[in-house]
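Residue numbers for the sequence shown follow UniProt numbering, beginning at 1 and rising by one. Accompanying notes for the structure given below.
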Amino acid sequence: MGSGAFGFVSIGESLITDEEVAIKEIYPSQYAAIEIEIMSSLKFRYCVSCIDWKNNPDETYIVMEYCRGGDLFKAIDAEMLTEKRVKRVAKCVLLALEYLHSHYICHRDIKPENILCYETTYDNEEVWKVTDFGLSCYFQPGTPIFGAVGTPHYKAPEIYPPSEYTEAVDLWSLGVTIYVALTAQFVWDGNTDAEIEASMRQGRLEYDQSLSFTAFEWIEQLLQPNPANRMTIPQALTHHWFQ
Numbered sequence: 001m002g003s004g005a006f007g008f009v010s011i012g013e014s015l016i017t018d019e020e021v022a023i024k025e026i027y028p029s030q031y032a033a034i035e036i037e038i039m040s041s042l043k044f045r046y047c048v049s050c051i052d053w054k055n056n057p058d059e060t061y062i063v064m065e066y067c068r069g070g071d072l073f074k075a076i077d078a079e080m081l082t083e084k085r086v087k088r089v090a091k092c093v094l095l096a097l098e099y100l101h102s103h104y105i106c107h108r109d110i111k112p113e114n115i116l117c118y119e120t121t122y123d124n125e126e127v128w129k130v131t132d133f134g135l136s137c138y139f140q141p142g143t144p145i146f147g148a149v150g151t152p153h154y155k156a157p158e159i160y161p162p163s164e165y166t167e168a169v170d171l172w173s174l175g176v177t178i179y180v181a182l183t184a185q186f187v188w189d190g191n192t193d194a195e196i197e198a199s200m201r202q203g204r205l206e207y208d209q210s211l212s213f214t215a216f217e218w219i220e221q222l223l224q225p226n227p228a229n230r231m232t233i234p235q236a237l238t239h240h241w242f243q
């Protein structure tokens with residue numbers, strides 16, 4: 001199905017239910033144990049759930065529910081997205097982040113590849129789920145999170161050294177993700193961390209003709225360099241873009 005920095009994912013079949021499952025093989029790393037702990041605790045509609053896991057000396061396997069609709073990146077690449085559909089993605093991810101943050105979990109790698117389409121409901125609404133908790137961590141309210149992790153084009157400016165931040169980094173990453181979904185282009189120029197950081201700190205978010213004004217306004221309020229000025233999850237959910 002795919003691969004990443006810490007492992008790869010394949011499709012398997014449950015011997016108990018005969019249903020298709022996703023099997024993630026994780027290379028040994030400092031993040032493997034925390035990923036298993038976090039995924040095993042998740043019980044929420046908009047987060048990919050862990051069915052089982054197994055530790056071997058050289059690798060760890062996590063068995064997860066299979067999202068047959070594919071990831072958001074593939075939908076962007078195939079030009080399959082309307083603003084209405086992207087709005088549904090945004091709402092699902094916001095609800096997932098609300099759940100994660102209420103359990104003191106910061107995802108730290110929200111991006112199109114980590115958002116999967118699980119199903120379409122009877123009323124024709126898609127269910128999108130957040131996956132890949134390989135860079136996630138627990139946090140304590142009022143205490144900074146440390147660690148320069150994340151995907152360059154999507155990570156918030158405060159993650160760059162000295163890398164002291166809060167769970168608000170997830171909202172920045174969502175803002176970038178939705179911009180990319182609607183425009184099929186990155187917000188910031190550059191191919192390296194240094195180039196992207198320089199572009200981010202020098203420029204402002206520019207209006208793209210493919211965006212509605214309310215969508216642009218919603219994204220702009222998430223892409224505030226100062227996290228104190230960034231929209232909160234309740235504010236983002238009640239923004240008039242969703243009306």
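Every residue gets a Cβ at the ideal spot worked out from N, C-alpha and C, and that includes glycine.
Quiz item: Roughly how many angstroms lie between the CA atoms of L182 and E167, to the nearest whole one?
Solution: 24 Å
Self-check item: Extent of the continuous beta strand (DSSP E) to which I26 belongs
Solution: E20 to I26
Self-check item: Closest Cα partner of E220 within the set T177, A184 and E125
Solution: T177
Practice problem: Assuming E164 contacts P144 (C-beta within less than 8 Å), just tell me the rounded distance between them. | Solution: 4 Å
Practice problem: Just mark L116 as buried or exposed, buried being the case when its beta carbon has 16 or more other beta carbons within 10 Å. | Solution: buried
Exercise. Answer with buried or exposed for S210, where buried requires no fewer than 16 other C-beta atoms within 10 angstroms of its C-beta.
Key: exposed
Self-check item: DSSP beta-bridge partners of M39
Solution: Answer is none; M39 lacks a bridge partner.
Quiz item: Contact check, D170 vs L97 under 8 Å by CB: the rounded distance?
Solution: 5 Å
Quiz item: Straight-line CA distance for E217 to S49?
Solution: 33 Å
Exercise. Put M200 into one of helix, strand or coil per three-state DSSP.
Key: helix
Practice problem: Would you mind sorting G12 into buried or exposed? The rule is 16 or more other CB atoms within 10 Å of its CB. | Solution: exposed
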